[in-house]
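Chemist:
Numbering (the working numbering), first residue to last: 8 to 123.
1. Using a Cβ-Cβ cut-off of 6 angstroms (strictly less than) and excluding sequence neighbours within five positions of residue 53, which residues of its own chain qualify?
2. Going by beta-carbon coordinates alone, are residue 91 and residue 68 separated by less than 8 angstroms?
3. Go ahead and label residue 38 buried or exposed: buried means 16 or more other beta carbons lie within 10 angstroms of its beta carbon, across all protein chains shown.
4. Just to confirm my understanding: we take residue 94, look at its own chain, exclude 5 residues before and 5 after, and list those with CB closer than 6 angstroms. What are they?
5. On the DSSP letters alone, give me the boundaries of the beta strand (DSSP E) that residue 73 sits inside.
6. By Cβ distance below 6 angstroms, which residues in the same chain neighbour residue 64 in space, the five residues on each side in sequence not counted?
7. Quick one: grab the DSSP three-state call for residue 87.
8. Quick one: Cα of residue 30 to Cα of residue 56, how far?
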């Protein structure tokens with residue numbers, strides 16, 4: 008995936024450089040699990056003491072959206088990433104299961120000789 012397909016925005020604060028690098032790495036790793044040719048937008052915002060994280064992935068396969076909030080930026084980032092990862096895993100399971108059944112249906116039919 009191209010890094011330009013992953014955009015991270017910070018609203019109400021700007022993290023330290025190391026924090027920003029870690030959040031970028033997590034976002035890039037997550038985007039590798041997304042449908043091909045997808046775009047991912049991550050927004051971290053701070054309101055008072057609370058952080059909020061939102062991830063939106065847009066692709067031909069559909070839209071995925073996750074949100075999390077809390078008082079610790081890393082916890083929020085891990086939580087929203089985990090929620091998005093669950094959605095992507097569910098999508099992959101449905102996608103591959105549906106395609107996998109096409110070939111498996113023929114394999115589950117017993118050979119003619121065993122039907123007699």
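Backbone N, C-alpha and C fix where the C-beta goes; we use that ideal spot for every residue, glycine too.
Modeler: On the basis of the data shown:
1. The beta carbon of residue 53 sits closer than 6 angstroms to the beta carbons of 19 and 20 from its chain, once the five residues preceding and following it are set aside; these are given in chain order.
2. The Cβ-Cβ distance between residue 91 and residue 68 does not fall below 8 angstroms.
3. So residue 38 ends up on the buried side.
4. Taken in chain order, the residues that qualify are 71.
5. Counting along the chain, the beta strand (DSSP E) containing residue 73 begins and ends at 69–77.
6. Leaving aside the five residues that flank residue 64 on each side, the residues in its chain whose CB is nearer than 6 angstroms to its CB run, in chain order, 41, 45, 47 and 71.
7. Here residue 87 carries a helix assignment [DSSP, helix/strand/coil].
8. One alpha carbon belongs to residue 30, the other to residue 56, and they sit about 19 angstroms apart.
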